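All residue numbers for the sequence shown refer to this note's numbering, where the first residue is 771 and numbers rise by one.
Shown next, in structure tokens, is the structure this report addresses.
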Amino acid sequence: MSAPVVIIGTGLAGYNLAREWRKLDTQTPLLLISADDGRFYSKPMLSTGFAKNKDAEGLVMSEAGAMAEQLVAEIRTHTSVTGIDPRQRRVWIGEEVVNYRDLILAWGAEPIRVPVAGDAQDSIFPLNDLEDYARLRAALTGKRRVLILGAGLIGCEFANDLRAGGYEVDVVAPCEQVMPGLLPPSAATAVQAGLQGIGVRFYLGPMLASLDHAGDALLGRLSDGQMIECDAVLSAVGLRPRIALAAAAGLEVNRGIVVDRQLRTSHDNIYALGDCAEVDGLNLLYVMPLMACARALARTLAGEPMAVAYGPMPVTVKTPACPLVVSPPPRARHGEWTVEGAGENIRALCRDESGALLGYALTGAAVQDRLALNRELPAVLA
Ligand SMILES: Cc1cc2nc3c(=O)[nH]c(=O)nc-3n(C[C@H](O)[C@H](O)[C@H](O)COP(=O)(O)OP(=O)(O)OC[C@H]3O[C@@H](n4cnc5c(N)ncnc54)[C@H](O)[C@@H]3O)c2cc1C
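Laid out in structure tokens, this is it:
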């Protein structure tokens, strides 16, 4: 039998690629290999689960078996690829060898861990997949207080969601505003005020220095000496694309696994997409880019090479306490921000010297302007 197309990873990148490709090729053998249980779920829903009181099971859309049937594929779950041998076109799973026709790396990114002293390391939970979500929910059974590390997009979404789910929430982050690097200060102030309005407490500036068990609870000490009692710590300090195995196999890596516009790595027959990939210099950890990549790569795998293009890609942030849509200016395009509005309703626009719109951040009632503004936005990758 001919070697299969092998996709490593059953997240949104791996599964969407498999779906798109199966629309064009129903015959070639397909093997998906996943370190997790292969259940299909929409990762963005993880930060809406507490408000909806949904457990991990409740977020699952399909079991791995149903996905295998739907995709006419073999899916190997709880199986970690440990190495790639590009010259022989094979991957290693421990001692076992699996040959491939084409190999697609869709193995995502892993949570960054910050060093925290103390005896309660086991109560710090990263949250980047369904299994992480199940672990945090289990740790919070019968408990009410969560300390969140990180005030970025994911930290703020969980702050809103946990608060809406009835938890007490403290956010600790060593920055001056929420979502630094993504939002201009006026929009950040609006979002922070919206979250404070529903009871989220912010400690911006210090870091969590130590976390210790204290009876049934946990005691966190911040670098400025403040103390916070909590029941669990959710770590949302960022993600790092998984590049180590690719680098060890001699593939070019930078922040992510370097691929061209056809999603091809520096080695023939090996491609990458999703959170692990750096596409023409861009490592975007969002769903829209990976969907565009899945459609383009499916065509390439089906024998019609196609380059990916990204149109405008505004991001709707799930902070209903202060609705937020943001479209950061494309890299290497310089512009000036102008801010209109006040309080919760901020309309911050970034324009270049000719007046062309490069990006925006809209909060509160101003989010209703997004459709009109989207028509003016430049493509992220033309
Ligand atoms: C809480 C949260 C909310 C989000 N909300 C939004 C949103 O609202 N909008 C948006 O656009 N984006 C959002 N994102 C980002 C978006 O969900 C991700 O960009 C996307 O899901 C990444 O998909 P992926 O398939 O590349 O990676 P992953 O989903 O991480 O999948 C990686 C897969 O690879 C497997 N794997 C890893 N290593 C190996 C190995 N060695 N061998 C075999 N398998 C391996 C894993 O088990 C997994 O199956 C959110 C992210 C989070 C965490």
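From the three backbone atoms N, C-alpha and C, an ideal C-beta is built for every residue, glycine too.
Remember, it's a predicted structure, so these values are computed and weren't measured experimentally.
Item, Value
"Output needed for Ala788: all residues of its chain with C-beta closer than 7 Å, excluding positions within five of it in sequence on either side, in chain order.", "Ile777, Leu800, Leu802, Leu841 and Ala843"
"Using only alpha-carbon positions, find the residue among Val961, Val1007 and Arg1121 that is nearest to Pro1099.", "Arg1121"
"Using 7 Å as the threshold, is the C-beta distance between Met1061 and Val1150 below it?", "no"
"What residue range does the alpha helix (DSSP H) around Trp877 cover?", "No alpha helix (DSSP H) holds Trp877; DSSP gives it neither H nor E."
"Looking only at C-alpha atoms, which of Glu790, Ala1131 and Ala1072 sits nearest to Arg1095?", "Note that residue 1095 corresponds to Val in the displayed sequence, not to Arg. The candidate whose alpha carbon is nearest that of Val1095 is Ala1131."
"Per DSSP, which one or two residues make a beta bridge with Cys945?", "DSSP output for Cys945 lists no bridge partner at all."
"Relative to the alpha-carbon of Pro774, which residue among His848, Val868 and Ser832 has its alpha-carbon at the smallest distance?", "Val868"
"What would DSSP say about Ala773, mapped onto helix, strand or coil?", "coil"
"In this structure, how does DSSP classify Ser956 when only helix, strand and coil are distinguished?", "helix"
"At the level of alpha carbons, what is the spacing between Lys793 and Pro950?", "41 Å"
"For Glu1106, which of helix, strand or coil comes out of DSSP?", "strand"
"Do the CB positions of Val1007 and Gly920 come within less than 7 Å of each other?", "yes"
"For Pro1011, which residues does DSSP report across the bridge?", "Ala879"
"Determine the DSSP secondary structure at Met1061, reduced to helix, strand or coil.", "helix"
"Comparing C-alpha positions only, which one of Leu988, Gly828 and Gly1105 sits nearest to Arg914?", "Leu988"
"Ligand 1 and Leu1052: does any heavy atom of the ligand fall closer than 6 Å to the residue's C-beta?", "no"
"Is Lys813 near ligand 1 - that is, is its Cβ less than 6 Å away from at least one heavy atom of it?", "yes"
"If we cut at 7 Å on Cβ distances, does Thr1086 have a partner in chain B?", "The chain inventory of the structure shown lacks chain B, comprising one protein chain alone."
"Measure the Cβ-Cβ separation of Ala1072 and Arg1031 and say whether it is below 7 Å.", "no"
"With DSSP as the reference, label Cys1120 as helix, strand or coil.", "strand"
"Quick one: does the C-beta of Trp877 sit closer than 6 Å to a heavy atom of ligand 1?", "yes"
"Under 6 Å from any heavy atom of ligand 1, does the C-beta of Leu900 make it?", "no"
"Leaving aside the five residues before and after Trp1107 along the sequence, list all residues of the same chain whose C-beta is less than 6 Å from its C-beta, in chain order.", "Pro954, Ala1118 and Cys1120"
"Name the two residues that bound the continuous alpha helix (DSSP H) containing Phe972.", "Note, Phe972: premise wrong, no alpha helix (DSSP H); beta strand (DSSP E) at Arg971 to Leu974."
"Reducing DSSP to helix, strand and coil, say where Leu794 ends up.", "coil"
"Going by beta carbon distance, what residues of the same chain come within less than 7 Å of Ser956, once the five residues before and after it are set aside?", "Val1109, Ile1116 and Ala1118"
"Alpha carbon to alpha carbon, what distance is there between Gln1138 and Pro1090?", "14 Å"
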